[in-house]
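Adding 1 to a residue's 1-based position in the sequence shown gives its number in this note's numbering. Below you'll find the structure, written out as structure tokens, and then a few comments.
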Amino acid sequence: MNKKFTVKHIVAIGIGAAVFFILKRFVTIPTGIPNTDIATAYPFLALLGVVYGPIVAGLAGFIGHALGDLTTYGAWWSWIVASGILGVFFGLLAKRIPINEGIFGKKEITTFLIGETIANLVTWVIIAPIGDILIYAEAPSKVFTQGVVAGITNSIVTGIIGFILLKAYAQTKTKKGSLNKEA
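Here you go:
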């Protein structure tokens, strides 16, 4: 992963936030729990994180979620911040998954699945509900129920769709040493 922050990263934040917003706003599945949907935005955020790192994914998740909330019922900051934190967690996986070198084998897949599951559960079962309680004085039983449902569903959806996105992305990259010089 390139440690230098470039114009490419700024563009990735903008495009990433826009795609996250569209997915969060228009491509969700209700869970039956109030204000808790199965979100297709998080697998995309995982792709962004593994490809571009924690800053890009963190800002794209924060901005995209904020735009989604502000165009519907208003900002719910505890979950907006949680989306940004989740993006950072996903971005930290970039150090262990050399996706830009076209590598996404069994070891990397396992790392991704374990990492994204831990990240989703910590974010939605702990961080977001505690934020709801501290910021909005919400009932703990309500917000922890929402958090558990979000954590489980986001882990499953990110695991399945995120795996597909990362596998497809890795296949577009040329593996180091895979090209032979013609004689």
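C-beta: ideal position from N, C-alpha, C; glycine also. Predicted model only: the values in this text are computed from it and were never measured.
Exposed or buried, what is serine 142 when buried is set at 16 or more other beta-carbons lying within 10 Å of its beta-carbon?
Mapped onto the sequence shown, residue 142 falls at position 141. By the 10 Å Cβ count, serine 142 comes out exposed.
State yes or no: is the C-beta of isoleucine 30 within less than 8 Å of the C-beta of isoleucine 23?
Here residue 30 refers to the residue found at position 29 when the sequence shown is read from its first residue. Here residue 23 refers to the residue found at position 22 when the sequence shown is read from its first residue. No, these two residues do not count as a Cβ contact at 8 Å.
Among the residues of its own chain, which have a CB less than 7 Å from the CB of valine 20, if the five just before and after it don't count?
If you number the sequence shown from 1, residue 20 lands on position 19. Contacts found: Phe45.
Please report the residue range of the beta strand (DSSP E) in which proline 31 lies.
In the sequence shown, counting from the first residue as 1, residue 31 sits at position 30. Unbroken beta strand (DSSP E) run through proline 31: 29–31.
Please name the residue, chosen from Asn155, Tyr170, Leu167, that lies closest to threonine 41 on a Cα-to-Cα basis.
For the purposes of this step, residue 41 is identified with residue 40 of the sequence shown, where counting begins at 1. Comparing Cα positions, the closest option is Asn155.
Please classify asparagine 3: does DSSP put it in a helix, a strand, or coil?
Walking along the sequence shown from the start, residue 3 turns up at place 2. Low local confidence applies: a pLDDT of 47 at asparagine 3 is under 50, so the model's placement there is unreliable, with the coordinate-based value given in what follows. Correct three-state label for asparagine 3: coil.
By Cβ distance below 8 Å, which residues in the same chain neighbour phenylalanine 6 in space, the five residues on each side in sequence not counted?
Your numbering for residue 6 matches position 5 in the sequence shown. Correct list, in chain order: Ile56.
What's the C-alpha gap between valine 149 and isoleucine 128?
Within the sequence shown, numbered from 1, the residue matching residue 149 stands at position 148. Within the sequence shown, numbered from 1, the residue matching residue 128 stands at position 127. Cα to Cα, the separation comes out at about 11 Å.
Between leucine 94 and glycine 85, what straight-line distance do the alpha-carbon atoms span, to the nearest angstrom?
Along the sequence shown, read from residue 1 onward, the residue named residue 94 stands at position 93. Along the sequence shown, read from residue 1 onward, the residue named residue 85 stands at position 84. Leucine 94 and glycine 85: Cα-Cα distance of roughly 15 Å.
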